[in-house]
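Here is the structure we will look at, set down as structure tokens.
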Amino acid sequence: MELQDIVLSCVDCGTDFVFTVGEQIFFQEKKFNNPPKRCRPCKARHLATLPPAPARARNFNRSTAKIETQATCSQCGKETTVPFKPTQGRPVFCRDCYQNKNQFASA
Numbered sequence: 005m006e007l008q009d010i011v012l013s014c015v016d017c018g019t020d021f022v023f024t025v026g027e028q029i030f031f032q033e034k035k036f037n038n039p040p041k042r043c044r045p046c047k048a049r050h051l052a053t054l055p056p057a058p059a060r061a062r063n064f065n066r067s068t069a070k071i072e073t074q075a076t077c078s079q080c081g082k083e084t085t086v087p088f089k090p091t092q093g094r095p096v097f098c099r100d101c102y103q104n105k106n107q108f109a110s111a
């Protein structure tokens, strides 16, 4: 099937715009399922109303938010903070005990 330019209608302003063969190939490579809905000017206006990219990513990506949890070291009993939420039944180590544990394991 040979691709051809497609004329689409913008959902915001109703004007017609061309969905070129190059853009269609790009959409296929990125595995985008739907064609664009907005013409370039309307897309630019729409993107300008969204919050900056890092703020959007923070809302959708849990890995960008740092979790600090208070915990007690399972080995020495010292209070510490860990960068994850501990799972019940699994040991939590302070930095010193964790480093010592890893040194013995690699030796």
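For the sequence shown, my numbering begins at 5 and goes up steadily by one.
Glycine included, every Cβ here is placed at the ideal spot set by N, Cα and C.
Note that the structure is predicted; figures quoted are calculated from it, not measured.
Whole-number beta carbon distance between residue j and residue i, since they are thought to touch under 8 Å
i   : j    : result
C77 : C101 : 6 Å
L7  : Q28  : 5 Å
V15 : K41  : 5 Å
C-beta atoms of residue i and residue j nearer than 8 Å
i   : j   : result
Q92 : E83 : no
T53 : E72 : no
V96 : P87 : no
Residue i to residue j span [Cα, whole Å]
i   : j    : result
R49 : F23  : 19 Å
R99 : N106 : 11 Å
G18 : N37  : 22 Å
K35 : C46  : 23 Å
Any non-hydrogen atom of the ligand PLP within 7 Å of residue i CB
i   : result
Q32 : The ligand PLP is not among the ligands present in this structure, which contains no ligands whatsoever.
Reduced DSSP secondary structure (H/G/I, E/B, other) of residue i
i   : result
Q74 : strand
V96 : coil
V15 : coil
T84 : strand
F21 : strand
Chain B contact for residue i (CB, 8 Å cutoff)
i    : result
N104 : You won't find chain B in this structure, because it holds only one protein chain.
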